[in-house]
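For reference, the structure is listed below as structure tokens.
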Amino acid sequence: MPIVYEYHKQDHTVQARVSGCLELDEVINYMNSLMNDPSVPSGFLEVVDFDEVTRFGFETSKIRIILDLYLKLKKSNQSIGTLFIASNPVAYGICRTLMGFYSGEGVMNVIRTRDSIQSTILSIRDLYPR
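In case it helps, my numbering puts the sequence shown at residues 518 to 647.
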């Protein structure tokens, strides 16, 4: 199933929801769409929810492709970073792998529960005020 997202003006976030089997081409399409979306202003925080993912349809060796696109996204839209929500152990592991390879500027963090979403967004916003 495709990744769906929407921009939330009140907290300046792009909130993406991923469900079903996540394929590499869906990640590529999502990032390209986000990079070219005129309704998303620069300086946003990306929040990606993996809680409804049932399977990852790509090998971890493809993480580099995702990371290269992520760096391109950050440069094109001047994103301040990404907050992953991953209660599933596999999703958490994929997010931690991405974080391990990421060496760019900005924030990349993963949380396991939704309980801390708002407080985490606020603490990131304190680091990167508009």
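Ideal placement from N, C-alpha and C gives every residue a C-beta, glycine not left out.
Every value quoted in this text rests on a predicted model; they were computed, and no experiment measured them.
Exercise. Might you give, ordered along the chain, the residues of its own chain that have their beta carbon closer than 6 Å to the beta carbon of Leu-584, omitting 5 neighbours on each side?
Key: Here residue 584 refers to the residue found at position 67 of the sequence shown. Shown here for Leu-584: same chain residues with a beta carbon closer than 6 Å to its own, the five before and five after excluded, namely Phe-618 in chain order.
Exercise. Out of Pro-558, Gly-537, Ser-536, Val-544, point me to the one whose CA is closest to Gln-527's CA.
Key: Translated into the one-based positions of the sequence shown, residue 527 becomes position 10. With distances taken between Cα atoms, Gln-527 lies closest to Pro-558.
Exercise. Whole angstroms is fine: what's the gap from Thr-637's alpha carbon to Glu-576's?
Key: One-based indexing of the sequence shown puts residue 637 at position 120. One-based indexing of the sequence shown puts residue 576 at position 59. Going by the C-alpha atoms only, they are around 29 Å apart.
Practice problem: Identify whether Phe-618 lies in helix, strand or coil by the three-state DSSP scheme. | Solution: In the sequence shown, counting from the first residue as 1, residue 618 sits at position 101. Three-state result, Phe-618: helix.
Quiz item: By a C-beta neighbour count over all protein chains shown, 10 Å radius and 16 as the cutoff for buried, is Tyr-645 buried or exposed?
Solution: Here the question's residue 645 lines up with position 128 in the sequence shown. Tyr-645 comes out exposed.
Self-check item: Exposure of Gln-635, with buried meaning 16 or more beta-carbon neighbours within 10 Å
Solution: Translated into the one-based positions of the sequence shown, residue 635 becomes position 118. Burial call: exposed.
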